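Visitor:
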Amino acid sequence: MIQDDESVQVAAELMRRHHVGDVVLYREEGGRRIPTGIITDRDLVVEVLVPGLDPTTLAVRDIVTSPLSVARTDDSLFDALERMRAKAIRRLPVVDADGALAGILTMDDVIGLFTELQGRLWAVVERQREHEQRRRP
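All residue numbers for the sequence shown refer to the working numbering, where the first residue is 264 and numbers rise by one.
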């Protein structure tokens, strides 16, 4: 997480250090970090590198995607995915009931989850098939 007055360079360094493709901007409010925006690796390329801007002098607030779309911790996965589809985004910050950042749902996470679930479902089908073959050779 980063405050909106930090430089784009600092945001890029955070992404590299933590091996992530985004950094969430926040403001402090009552001891909570309330997300206000998100900067992605794609934003860095499209908004800074291609135009030839200096990332050391440009503040992240100058390239942030706004308004910020979020999911709530009590939203269903389906609702969060529908929001991602409708907004054409690959990363969706998740906030708690107080509006503080609870996590980030990424398309990579979802694909990994569905891949794991598909494998588990296949294992169930395979066990049922084997069970049936033992019962009725």
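Just so it is clear, CB atoms sit at the ideal spot from N, CA and C, and this is done for glycine as well. Every value quoted in this text rests on a predicted model; they were computed, and no experiment measured them.
So within the stretch 290-325, which uninterrupted beta strand (DSSP E) runs reach at least 3 residues, ignoring any that extend past its ends?
Guide: Taking only runs of at least 3 residues, the beta strand (DSSP E) segments lying wholly in the stretch 290-325 are 295-303.
Visitor: For the beta strand (DSSP E) holding residue 259, just list the boundary residues, first then last.
Guide: Residue numbering for the chain in the displayed model covers 264 to 400; residue 259 lies beyond these limits and cannot be assessed.
Visitor: Whose C-beta lies closer than 6 Å to the C-beta of residue 359 among residues of the same chain, with five residues either side of it excluded?
Guide: If we look at residue 359 and ignore the five residues flanking it on each side, its Cβ neighbours are 336, 365.
Visitor: Using C-beta distances below 7 Å, list every residue in its chain close to residue 310, excluding the 5 sequence neighbours before and after it, in chain order.
Guide: Within the same chain, residue 310 has close Cβ partners 326.
Visitor: Can you check DSSP and say which residues form a bridge with residue 328?
Guide: Beta-bridge pairing links residue 328 to 301.
Visitor: May I ask you to report which of helix, strand or coil DSSP gives residue 353?
Guide: In the structure shown, residue 353 sits in coil (DSSP, three-state: anything other than H, G, I, E or B).
Visitor: Are residue 296 and residue 264 close, meaning C-beta to C-beta below 8 Å?
Guide: Yes, the pair counts as a contact, with Cβ atoms nearer than the cut-off.
Visitor: Taking the DSSP output, what are the residues bridged to residue 287?
Guide: In the DSSP output, where bridge partners are listed per residue, residue 287 has 301.
Visitor: Cutting at 6 Å between CB atoms, please list the residues of its own chain near residue 268, excluding the five before and the five after it.
Guide: 322, listed in sequence order.
Visitor: Where does the unbroken alpha helix (DSSP H) through residue 282 begin, and where does it stop?
Guide: No alpha helix (DSSP H) holds residue 282; DSSP gives it neither H nor E.
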